[in-house]
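**Student:** Pasting a structure here, questions to come.
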């Protein structure tokens with residue numbers, strides 16, 4: 001099942017040195033606001049909760065959906081990119097809605 005982007009709560013992360021927001025649910029792509037790129041994340045085969053791949057779509061071992069303001073070049077060129085542990089960091093901030101995130105960042 002996929003959800004409207006504006007109905008979910010997100011966590012702020014840094015991925016591949018870019019600020020992003022993340023939800024553990026699948027997002028309807030046509031509900032993502034302009035100015036954001038939408039990717040899906042796959043977790044490790046051992047189910048340890050480690051994000052290991054970002055792609056335009058994930059079928060198996062779905063971990064969540066990532067929204068970034070800058071597109072990820074490698075994913076755009078090759079369709080996916082693999083992650084190392086140091087490529088993914090949670091900010092530790094409370095969860096927030098997309099609207100709250102955009103308001104604080106002055107987006108839209």
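Numbering (UniProt numbering), first residue to last: 1 to 108.
Cβ atoms here follow ideal geometry from the backbone N, Cα and C, with glycine treated the same way.
Treat the numbers as computed from the prediction; the structure is a model and nothing was measured.
(1) To which residues does DSSP link residue 51 through a beta bridge?
(2) Residues in the same chain with beta-carbon distance under 7 Å from residue 71, minus the five sequence neighbours each way, listed in chain order, please.
(3) Whole angstroms is fine: what's the gap from residue 62's alpha carbon to residue 51's?
(4) Output the residue ranges of the beta strand (DSSP E) runs that lie fully inside the UniProt domain "Large polyvalent protein associated" (7-103) and measure 3 residues or longer, sorted by chain position.
(5) Could you tell me the alpha carbon to alpha carbon distance between residue 102 and residue 93, rounded to whole angstroms?
(6) Under 8 Å by Cβ, that's how I've got residue 21 and residue 40 pegged, so tell me the actual separation to the nearest angstrom.
(7) Kindly give me the distance between the Cβ atoms of residue 3 and residue 32, rounded to whole angstroms, as I take these residues to be in contact under 8 Å.
**Tutor:** Let me spell this out:
(1) Taking the first residue of the chain shown as position 1, residue 51 is located at position 51. Per DSSP, 43.
(2) Reading the chain shown from its first residue, position 71 is the one you call residue 71. Same-chain partners within the cutoff: 37.
(3) The residue labelled residue 62 in the question sits at position 62 within the chain shown. The residue labelled residue 51 in the question sits at position 51 within the chain shown. The alpha-carbon atoms of residue 62 and residue 51 are separated by roughly 9 Å.
(4) 9-15, 18-23, 37-43, 51-55, 62-68, 80-82, 88-90
(5) In the chain shown, counting from the first residue as 1, residue 102 sits at position 102. In the chain shown, counting from the first residue as 1, residue 93 sits at position 93. Using only the alpha carbons, I get a separation of about 15 Å.
(6) Taking the first residue of the chain shown as position 1, residue 21 is located at position 21. Taking the first residue of the chain shown as position 1, residue 40 is located at position 40. The pair is not a contact, with the Cβ atoms about 14 Å apart (cut-off 8 Å).
(7) Here residue 3 refers to the residue found at position 3 of the chain shown. Here residue 32 refers to the residue found at position 32 of the chain shown. With 8 Å as the limit, residue 3 and residue 32 do not qualify as a contact, their Cβ atoms being about 11 Å apart.
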